[in-house]
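Each residue of the sequence shown is one higher than the one before, counting from 55 in this note's numbering.
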Amino acid sequence: MEQVAFYGFSALAIGSALFILLTRNLMYAAFGLFLALLGVAALYVLAGADFLAITQLLVYVGGILVLLIFGIMLTRPAGERPDASQPNRVVVVNDRRFWGLLLSVLLFCLFSFTILAGNFALVGDTLISRSTIRTLGVELMTSHLLPFEIAGVLLLVALVGAAYLAVNRNPSA
């Protein structure tokens with residue numbers, strides 16, 4: 055069952071990454087990045103790296119991706135006036151698809167050869183890993199509560215400041 059989950063989450067991450075490369079709509083690419091980051095976080099959970107999975111979800115999915123989507127939604131192409139009948143859509147021109155595909159195939163072949171040529175062997179006893187989520191939660195909400203709250207307020211102030219700066223204050227434009 056664990057192998058099925060591993061291959062499923064790997065397929066999700068790789069398929070989402072390919073979708074990001076091949077789509078022209080920037081908003082769809084951001085949602086593809088969301089799925090790719092979730093797939094990687096699930097792979098971290100399967101590998102027993104709870105802290106990395108939580109960090110992946112909090113920092114990348116919860117912070118960076120929201121900021122990226124926020125920036126995309128506030129961006130208009132130069133010279134375009136806002137129109138209520140047109141959807142908010144940012145389209146990118148991909149002129150270098152062939153070279154990008156060629157480079158990615160070459161890197162995939164290089165990495166595959168490196169992995170297959172390696173002689174990986176487990177040495178020593180197998181460790182039984184236990185989840186560290188409870189310990190992280192208790193530490194975050196007791197001894198590290200003040201820095202956690204300060205970081206949250208700082209991020210909120212930055213988001214409100216970005217929204218204030220992004221508002222068009224010239225109604226005649």
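Note that the Cβ used here is the ideal one computed from N, Cα and C, for glycine as well.
Cβ pair S228, G86 closer than 8 Å: Outside the modelled stretch of the chain, which goes from 55 to 227, sits residue 228, for which no answer is possible.
F167 to L208 span [Cα, whole Å]: When rounded, the distance between both Cα atoms is 45 Å.
Identity of the residue in I68, L121, V192 and D104 nearest I214 by Cα: It is worth fixing the name first, because residue 214 is Val in this sequence and not Ile. Residue nearest to V214 within the set I68, L121, V192 and D104 is L121 (criterion: CA-CA distance).
Contact check, Y98 vs L106, beta carbons under 8 Å: yes
Minimum C-alpha distance to I74 - residue among L128, A101, R151 and Y218: R151
Selected residue, minimal CA-CA separation from I187, among A95, I169 and A103: A103
Inside the stretch 83-130 only - alpha helix (DSSP H) runs reaching at least 4 residues: Listed in chain order, they are 104-109 and 119-127.
Classification of V58 by the beta-carbon crowding that lies within 10 angstroms, buried from 16 upward: exposed
Sub-8 Å separation of L119 and L89 beta-carbons: no
Inter-residue spacing [alpha-carbon to alpha-carbon] between I126 and L190: 33 Å
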